[in-house]
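Engineer:
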Amino acid sequence: MFTAIVSAETLRSTLDSVSVLVDECKIHLDEDGLGIRAVDPANVGMVDLDLDASAFEAYEADGEVIGIDIERLDDLAGMADSGTLIDLELDEEVHKFRLRMDGLEATMALIDPNSIREEPDIPDLDLPATIVLEGRDLNRAITAADMVSDHVEFGVDVEREVFYVDARGDTDDIHLELGREELIELDAGEASSLFSLDYLRDINKAIPRDTEVQIRLGEEYPVKFTLPYAEGRGQVTYMLAPRIQSD
Amino acid sequence: MFTAIVSAETLRSTLDSVSVLVDECKIHLDEDGLGIRAVDPANVGMVDLDLDASAFEAYEADGEVIGIDIERLDDLAGMADSGTLIDLELDEEVHKFRLRMDGLEATMALIDPNSIREEPDIPDLDLPATIVLEGRDLNRAITAADMVSDHVEFGVDVEREVFYVDARGDTDDIHLELGREELIELDAGEASSLFSLDYLRDINKAIPRDTEVQIRLGEEYPVKFTLPYAEGRGQVTYMLAPRIQSD
Amino acid sequence: MFTAIVSAETLRSTLDSVSVLVDECKIHLDEDGLGIRAVDPANVGMVDLDLDASAFEAYEADGEVIGIDIERLDDLAGMADSGTLIDLELDEEVHKFRLRMDGLEATMALIDPNSIREEPDIPDLDLPATIVLEGRDLNRAITAADMVSDHVEFGVDVEREVFYVDARGDTDDIHLELGREELIELDAGEASSLFSLDYLRDINKAIPRDTEVQIRLGEEYPVKFTLPYAEGRGQVTYMLAPRIQSD
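If you read the protein sequences in the order shown, they are chains A, B and C.
For the first sequence, counting from 1, position 90 maps to 90 in the working numbering; every step adds exactly one.
With the second sequence counted from 1, adding 1000 to any position gets you the working numbering.
With the third sequence counted from 1, adding 2000 to any position gets you the working numbering.
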């Protein structure tokens, strides 16, 4: 049995965080909160989201797993005015998810969880470099890189103690360096990896300007972006596989 | 002879109210005000608009009937800054309509009224249920219904004294109930009819959030939406034919 | 050698002024400032822009001429927050243009100036009428004319001392007159010429509402629009060839 009451904003942030990578997902409705893990069809980008029961006004669950069409649920949740609460209820008999908001009741068919792409095992990599920065700085680096190229290098220059972003296009280049003063935290280790901007552009949409983002990076290794949401009661991690450096 | 002075806002509201259903219309320029009646090409949606002479700064007419391209006149009227007045004049000799606003003079060719679809007789139906509600509540019901289906049922539950909106899609449903507290007025009579969201979506664009809308409803009968505009000196009624209930 | 520091806003205004007519241009980096002259592919519209060295925070140049892709440079300059400064530097060895802004460094390939359409000689015409008016009045006249026709007549009625704009479409007409009270300045001489709205629509995008624009006009002669920018430290002139009056 699952029933919960949540702010429209928290529900939509949860869905928007996942929809940048996949259209459908399984949601684990565990006793202590909600969890989503998903990987994109090409197996390049993964998302791992946790939202604690304390982020809800009311929350009761017994470990159910449901399959949902993310955009559809996001649209329905969008009918609630921001600042209002949404009542959620799982009707297991008819495989429906029910939302109630200001007198409006929406009933949404669930997707059979077995028909949804299997959830990834998100590896617990030992990545040598950790960078913490403002979302706006990461937003800007990705947007600039995307103007000139379709891939970008993220790296750390250990000696100079800078985190750098480097994009080389056919005619134009972008280079951004952030030192200790511009960063919130820097645990400098040898790191330099190349990533596809197709994915970063999408993930970037889910990174708010004013949120602290932790980046973990290695040498030709996946990158992990971790950020809190829902006033710290939720957390999202994106993991992105590297591209092979061609030069 | 027709001459008038009207605020840009009132002229544009008039045109926008009609353009949601038709592209061209006849305007009756009567001594006591202006009237428009039109039906959409499929004969499903009708509009009946009256604007009293008192809504104008100056108004003089002798019962002329003119044919206009609504969007074209709306575009030209859009050249006036909001809050300014537009001088209107009919030049019957050359079949032109003239607008003057802040030094700008626009002359628009009229359409032969005989070439415009005949005006509908809007039947004076005796509909058993009357509901008065805020435009925003109707906006929300139509928008939500439109997310899940292409048709929607409007009805009144006489016993429970609620007005309801019910949309059933292939996978998802929407149900909205408004009781006496949420409604401005409810004259409950047996009523339940199905309507096409194609039309309601368009009519919805002409229903402001903060206007009181009167809905009259019957059993598999047309619905009428009536709302004031131009500070109560104008009134628009939309009538929409029901769809046959298929189940 | 060229290095300069300029506000993001001034750099973007410069580029936007030119991009309404051409995609690529040569920039003359002279000792006392920057100059751009360009003509559109059809040889109908010309732009002549000067930006004084005093518009820069720092400026040093030796008469270099570089070729640039305007939109590309505009996009890169768009990465600077408005109100911030951009460092510009020409790297002649590798034919690159370098922008630095808030830790971000962008390097852009230059275009061989010889591959860019030759710069026009902008004739020093003796035009009999001069009109100075608010940008917003010119914006409005062009927008209105564009609604009804694809060409427009600009003229001066010497006896009545008015500047007029006249557009005649297939069905609708626009006529705008501005007298001495509405104009900032009027040096009335016989003038009346017809222009293509395709070009005026584009030039209009580069005319701010709150800038004084000087128009010089003759009898079936080109029109010149001259306006200051960058707080008067820059100036743009557009020249547009007339269309042949057909009636």
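We treat Cβ as the ideally placed atom computed from N, Cα and C, and that holds for glycine.
Check Lys205/A in the structure and name its three-state DSSP category.
Structural biologist: Along the first sequence, one-based indexing puts residue 205/A at 205. Per DSSP, reduced to three states, the secondary structure at Lys205/A is helical.
Engineer: Which class does Leu1183/B belong to by DSSP, given the choice of helix, strand or coil?
Structural biologist: As a first step, residue 1183/B must be located in the second sequence, where it is residue number 183. Leu1183/B: coil per DSSP, three-state reduction.
Engineer: Using a beta-carbon distance below 8 Å, is Leu2011/C in contact with chain A?
Structural biologist: Locating residue 2011/C in the third sequence gives position 11, where the first residue counts as 1. No, Leu2011/C lies away from the interface with chain A (no Cβ there is under 8 Å from its Cβ).
Engineer: Can you grab the Cα-Cα spacing for the pair Gly2103/C / Glu2071/C, in whole Å?
Structural biologist: Counting from 1 along the third sequence, the entry for residue 2103/C is found at position 103. Counting from 1 along the third sequence, the entry for residue 2071/C is found at position 71. Cα to Cα, the separation comes out at about 22 Å.
Engineer: Does chain C have any CB closer than 8 Å to the CB of Asp91/A?
Structural biologist: Reading the first sequence from its first residue, position 91 is the one you call residue 91/A. Cβ-Cβ to chain C under 8 Å: no for Asp91/A.
Engineer: Should Ala77/A be flagged as near chain B, meaning a C-beta pair shorter than 8 Å?
Structural biologist: Residue mapping note: residue 77/A aligns to position 77 of the first sequence, counting from 1. So, not an interface residue.
Engineer: Skipping 5 residues on each side, what residues in its chain have a beta carbon closer than 7 Å to that of Leu2051/C?
Structural biologist: To locate residue 2051/C, count along the third sequence from 1; it is residue 51. In the same chain as Leu2051/C, and ignoring 5 residues on each side of it, the C-beta atoms closer than 7 Å to its own belong to Thr2014, Gly2033, Leu2034, Ala2230, Arg2233 and Gly2234, in chain order.
Engineer: Is it the case that the segment 1092-1109 of chain B contacts the segment 2157-2177 of chain C, given that we only count it when at least three CB pairs across the two stretches are under 8 Å?
Structural biologist: yes
Engineer: Please decide whether Gly971/B counts as near chain C, where near means a Cβ-Cβ distance under 8 Å.
Structural biologist: Outside the shown range of chain B (1001 to 1247) lies residue 971/B, about which nothing can therefore be said.
Engineer: For a minimum of 4 consecutive residues, which ranges assigned as the alpha helix (DSSP H) are wholly contained in the segment 1056-1133 of chain B?
Structural biologist: 1070-1077
Engineer: Give the residues of chain A in contact with Val2107/C, contact being defined as C-beta atoms less than 7 Å apart.
Structural biologist: Within the third sequence, numbered from 1, the residue matching residue 2107/C stands at position 107. Reading off the sequence, residue 2107/C comes out as Thr, not Val. Within chain A, the residues near Thr2107/C are Asp172 and Asp173.
Engineer: Taking just the CA atoms, how far does Met1001/B sit from Val1065/B?
Structural biologist: Along the second sequence, one-based indexing puts residue 1065/B at 65. Along the second sequence, one-based indexing puts residue 1001/B at 1. Rounded to whole angstroms, Val1065/B to Met1001/B spans 11 Å at the Cα level.
Engineer: Say whether the segment 2121-2133 of chain C touches the segment 2205-2224 of chain C, bearing in mind that this needs 3 or more beta-carbon pairs closer than 8 Å, one atom from each stretch.
Structural biologist: Here the segment 2121-2133 of chain C lies against the segment 2205-2224 of chain C, with 3 or more beta-carbon pairs under 8 Å apart.
Engineer: Can you name the residues of chain B whose CB is closer than 8 Å to the CB of Leu2178/C?
Structural biologist: Start at 1 with the first residue of the third sequence, and residue 2178/C comes out as number 178. Simply Gly1103.
Engineer: Run the CB neighbour count on Thr84/A, radius 10 Å, all protein chains shown included, and call it buried at 16 or more, exposed below.
Structural biologist: What you label residue 84/A is simply residue 84 of the first sequence in a count that begins at 1. Thr84/A sits exposed, since fewer than 16 C-beta atoms from the chains shown fall within 10 Å of its C-beta.
Engineer: Please confirm whether any heavy atom of the ligand MN lies closer than 7 Å to the CB of Arg1201/B.
Structural biologist: Absence of the ligand MN from the depicted structure is noted, as is the absence of any ligand whatsoever, leaving it without description.
Engineer: With a threshold of 8 Å between beta-carbons, can Arg2216/C be considered close to chain A, or not?
Structural biologist: Against the third sequence, residue 2216/C aligns to sequence position 216. Arg2216/C is outside the set of residues whose beta carbon lies under 8 Å from a beta carbon in chain A.
Engineer: Count the other C-beta atoms from every protein chain shown that fall within 10 angstroms of the C-beta of Gly155/A, then say buried if there are 16 or more, exposed otherwise.
Structural biologist: Here residue 155/A refers to the residue found at position 155 of the first sequence. So Gly155/A ends up on the buried side.
Engineer: Taking the CB atoms as reference points, tell me whether Ser2007/C and Val2236/C lie closer together than 8 Å.
Structural biologist: Taking the third sequence and counting its residues from 1, the one referred to as residue 2007/C is at position 7. Taking the third sequence and counting its residues from 1, the one referred to as residue 2236/C is at position 236. Cβ atoms of Ser2007/C and Val2236/C: not closer than 8 Å.
Engineer: Buried or exposed, going by whether 16 or more other CB atoms sit within 10 Å of the CB of Ala2145/C?
Structural biologist: As a position in the third sequence, residue 2145/C is number 145, starting the count at 1. Classification of Ala2145/C: buried, given that the 10 Å Cβ count is 16 or more.
Engineer: Within 10 Å of its beta-carbon, does Asn204/A have 16 or more other beta-carbons around it, so buried, or fewer, so exposed?
Structural biologist: Taking the first residue of the first sequence as 1, we reach residue 204/A at position 204. It is buried - the Cβ of Asn204/A has at least 16 other Cβ atoms within 10 Å.
Engineer: So Asp2030/C packs on Gly2063/C, CB below 8 Å; how close in whole Å?
Structural biologist: Taking the first residue of the third sequence as 1, we reach residue 2030/C at position 30. Taking the first residue of the third sequence as 1, we reach residue 2063/C at position 63. Rounded, the Cβ-Cβ distance is 6 Å, consistent with contact.
Engineer: Under 7 Å Cβ to Cβ from Asp2157/C, same chain only, skipping five residues before and after it: list those, please.
Structural biologist: Numbered from 1 along the third sequence, position 157 holds the residue referred to as residue 2157/C. Result list for Asp2157/C: Tyr2164, in chain order.
Engineer: Is the beta carbon of Ile2086/C sitting closer than 8 Å to the one on Leu2011/C?
Structural biologist: Taking the first residue of the third sequence as 1, we reach residue 2086/C at position 86. Taking the first residue of the third sequence as 1, we reach residue 2011/C at position 11. Yes. Within cutoff.
Engineer: How big is the Cα-Cα spacing for Glu1024/B and Ile2116/C?
Structural biologist: Along the second sequence, read from residue 1 onward, the residue named residue 1024/B stands at position 24. Along the third sequence, read from residue 1 onward, the residue named residue 2116/C stands at position 116. The alpha-carbon atoms of Glu1024/B and Ile2116/C are separated by roughly 49 Å.
Engineer: Indicate whether Pro113/A and Lys26/A have their beta-carbon atoms separated by less than 8 Å.
Structural biologist: The count along the first sequence starts at 1 and reaches residue 113/A at position 113. The count along the first sequence starts at 1 and reaches residue 26/A at position 26. Against a cut-off of 8 Å, the Cβ pair of Lys26/A and Pro113/A comes out as a contact.
Engineer: Can the beta-carbon of Glu2212/C be found less than 8 Å from the beta-carbon of Leu2186/C?
Structural biologist: Position 212 of the third sequence holds residue 2212/C. Position 186 of the third sequence holds residue 2186/C. Not closer than 8 Å, so no.
Engineer: In the DSSP output, which residue or residues are listed as bridge partners for Glu212/A?
Structural biologist: Here residue 212/A refers to the residue found at position 212 when the first sequence is read from its first residue. Paired residue(s): Glu134/A.
Engineer: Under 7 Å between beta-carbons, which chain E residues line up against Met147/A? List them in chain order, please.
Structural biologist: Reference to chain E is not applicable here, since the protein chains of this structure are A, B and C.
Engineer: Using only the alpha-carbon positions, how far apart do Asp2040/C and Ala2241/C sit?
Structural biologist: Counted from its first residue, the third sequence places residue 2040/C at position 40. Counted from its first residue, the third sequence places residue 2241/C at position 241. Computed Cα separation, rounded: 11 Å.
Engineer: Helix, strand or coil for Leu1049/B, going by three-state DSSP, please let me know.
Structural biologist: For the purposes of this step, residue 1049/B is identified with residue 49 of the second sequence, where counting begins at 1. Of the three classes helix, strand and coil, the one that applies to Leu1049/B here is strand, per DSSP.
Engineer: So, helix, strand or coil for Ser2017/C, using DSSP?
Structural biologist: The residue labelled residue 2017/C in the question sits at position 17 within the third sequence. Here Ser2017/C sits in helix by DSSP.
Engineer: To the nearest whole angstrom, what separates the beta carbons of Asp2166/C and Glu2181/C, a pair I think is in contact under 8 Å?
Structural biologist: Here residue 2166/C corresponds to residue number 166 of the third sequence, with the count starting at 1. Here residue 2181/C corresponds to residue number 181 of the third sequence, with the count starting at 1. Not confirmed; about 20 Å, so no contact.
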